[in-house]
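Student: Residue numbers (this note's numbering): 538 to 1010.
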Amino acid sequence: MLSPELVHTVQTVIAAAAEPAGLMPARNQMALSLGWHIILACFGVAFPAIIFVMHLRGIRRDDPVALELARRWAKVSAVLFAIGAVSGTVLSFEMGLLWPGLMGTYGDVLGLPFAFEGLAFFVEAIFLGIYLYGWGRMPARQHVLMVLPMAVTGIIGAYCVVAVNAWMNVPTGFRLVDGEVTDVQPWSVLFNQHAFLQFAHMWVGAYMVVGFSIAGVYAVGMLRGRRDRHHRLGFIVPFVFASVAALTQPFVGHVLGFGLDDRQPAKLAAFELAETTESPSPLRLGGVLVDGEVRGSIDIPVLGSLIAMNSPTAPVPGLDTIPEDEHPPVNITHLAFQTMVGIGTLLAAGAAWFWVQRRRGRDLLERRWFLRAATVAGPLAAIALESGWVATEVGRQPWIVHGVMRTPEAVGDYTSALWWLLAISTVIYAGMTVGAVVVLRSMARRWRAGETDLPSPYAPEVPESPEIEEARR
């Protein structure tokens, strides 16, 4: 008689052998592209609003420091936008190249949100150019308003992409008749409750990544002795955005999780590391699933039911209630989910502590330990964001469209070409990363050396901005 462990191993080997050979390189390619692009997308969503607040502050208070910060941030935004345009274009091609089964079958369903995303991208680029080159050429109060279309179109573009992902988690807006997609309702993809909630989670996460990252740059400057008003204001404004986002995110995430036991019970079971259904269910911190047994976790009784099910007694559905061929990679999903939640909780607590201490008259910006913590907050927020996407995408497996199409059905069959594509893409993304770091560091050095206005690509020479000159007077 074969042991259960041996049976499971044999089943795993058979299942792996049955997968298309192109599935692994396609997954790796998509993970690389999405994981790299998502950080730049955050800046497209959140950075314009932060720039707008800083610019508006400079105008209303005749503050040359605030205006100079807004101007510099616009330059940084342009660099990041240009790099994001490259990675975003790559992603648009990859959807059809890597997953022809998905786009060939459901292209009519997904066409509208992708079209709107492309339109939003071009409008955002137009107003970024107007704002970037408008310094010294436009009246101050008209100039600052050019940031608003950037902010709005950045949100619209991101929402359209997230709406597609939400549709992959909760498919709607079509009927399948004998394997053919009919009665397509593309507006249902764009406007459904789950898309709004998933975007809210992503939107708030973007402000955490961008706010903490920008604040961290100025925290590094203060650690190096630059304690002037430029650095303090450059820290505080984005840190306000990040703090509000960090304190809001746990509530948004909790609301997004409502009904997950009905929509994707296997994903919820993986999140909670629930091998069996228990009533009440404990909250498991850490741990892994080995041979059908949970090992190494710290279990807190009842809390799992309370958080996941909003009830002290309702059980979290276990993996034992779900067919084994529909189980996601449990350990990856669970650890990614807990990484996201753990870092998010830590950042929220740190932000709350800063503002409580500030209200009590204690300036933590004078404490080196706090500045060091603020320096790593940006990378931690990025790790939390990436972990959240890993949790939701890996947790949906083996489905590319939950309950409708499995991932192996969507992948193409050109295996060797996909491995070459992955290798080339890795080199390109590494090169763009190095290039972005070199350009941004060069800009920072020149600003520190006293250059007030770095030249913009293809822009004519322009004198000092009247906004800044007037504020200085």
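By construction, the Cβ of each residue, glycine as well, lies at the ideal position given by its N, Cα and C atoms.
Measure the Cβ-Cβ separation of Phe584 and Val698 and say whether it is below 8 Å.
Tutor: no
Student: Mind checking whether Glu812 and Val827 have CB atoms under 8 Å apart?
Tutor: no
Student: Based on Cα-Cα distance, which residue from Phe736, Leu810, Leu656 lies nearest to Leu856?
Tutor: Nearest neighbour of Leu856 by Cα position, chosen from Phe736, Leu810, Leu656, turns out to be Leu810.
Student: How far does the alpha helix (DSSP H) with Leu634 in it reach, from first residue to last?
Tutor: Following the DSSP letters along the chain, one finds Leu634 inside the alpha helix (DSSP H) bounded by residues 601-635.
Student: Can the beta-carbon of Ala783 be found less than 8 Å from the beta-carbon of Met745?
Tutor: yes
Student: Can you tell me where the beta strand (DSSP E) with Glu830 in it begins and where it stops?
Tutor: From DSSP, the beta strand (DSSP E) with Glu830 extends over 830-837.
Student: Can you check whether the CB of Gly881 is closer than 8 Å to the CB of Ala921?
Tutor: Going by C-beta atoms, Ala921 is nearer than 8 Å to Gly881.
Student: In terms of residues, what are the limits of the beta strand (DSSP E) holding Glu717?
Tutor: 717-719
Student: In the structure shown, what three-state DSSP assignment does Leu810 receive?
Tutor: Leu810 sits in coil when the DSSP states are folded into three classes, being neither helix nor strand.
Student: Here's a check: name, in chain order, each residue in its chain whose Cβ is nearer than 8 Å to the Cβ of Leu639, leaving out the five neighbours to either side.
Tutor: Met632, Ile937, Val938, Met942, Ala947
Student: Does Ser842 pass the burial test, meaning 16 or more other C-beta atoms within 10 Å, or should it be called exposed?
Tutor: Ser842 comes out buried.
Student: With a threshold of 6 Å on Cβ separation, who are the neighbours of Arg766 within its own chain once the five nearest residues in sequence on each side are excluded?
Tutor: So the list reads Val602, once near-sequence residues are dropped.
Student: Less than 7 Å between C-beta atoms, sequence neighbours within five positions excluded: which residues of the same chain meet that for Val792?
Tutor: Cβ-Cβ distances below 7 Å link Val792 to Leu734 in the same chain, with the five nearest sequence neighbours on each side left out; the list follows chain order.
Student: Considering only residues of the region 699-740, which uninterrupted alpha helix (DSSP H) runs meet the minimum length of 4 residues and lie entirely inside it, listed in chain order?
Tutor: For the region 699-740, whole alpha helix (DSSP H) runs of length 4 or above, ordered along the chain, are 723-727.
Student: Going by the CB atoms, is the gap between Val684 and Val701 shorter than 8 Å?
Tutor: no
Student: One question on the structure: do Leu884 and Leu917 come within less than 8 Å of each other, judged by their Cβ atoms?
Tutor: Taking 8 Å as the cut-off, the Cβ atoms of Leu884 and Leu917 count as close.
Student: Shortest alpha-carbon distance to Trp724 belongs to which of Lys612, Val974, Phe651, Arg674?
Tutor: Phe651
Student: Does the beta-carbon of Val741 have 16 or more other beta-carbons within 10 angstroms, so that it is buried, or is it exposed?
Tutor: buried
Student: Specify whether the region 662-678 and the region 615-625 touch according to this definition: at least 3 beta carbon pairs, one from each stretch, less than 8 Å apart.
Tutor: yes
Student: Check this for me: beta carbons of Arg564 and Asn706, under 8 Å apart or not?
Tutor: no
Student: Is it right to say Arg821 is buried, meaning 16 or more other beta carbons lie within 10 angstroms of its own, or is it exposed?
Tutor: Arg821 should be labelled buried.
Student: So does the region 896-913 actually touch the region 952-972, counting three or more Cβ pairs closer than 8 Å?
Tutor: no
Student: In angstroms with no decimal places, state the Cα-to-Cα distance between Glu654 and Ile693.
Tutor: The alpha-carbon separation between Glu654 and Ile693 amounts to approximately 7 Å.
Student: The alpha helix (DSSP H) with Leu590 in it runs from where to where?
Tutor: Looking at the sequence provided, one finds Val at residue 590 rather than Leu. DSSP places Val590 in the uninterrupted alpha helix (DSSP H) bounded by 560-597.
Student: How many Å lie between Pro854 and Trp704 at the Cα?
Tutor: 23 Å
Student: At which residue ranges does the region 766-803 contain complete alpha helix (DSSP H) runs of 4 or more residues, listed in the order of the chain?
Tutor: Whole alpha helix (DSSP H) segments, 4+ residues: 766-793, 797-800.
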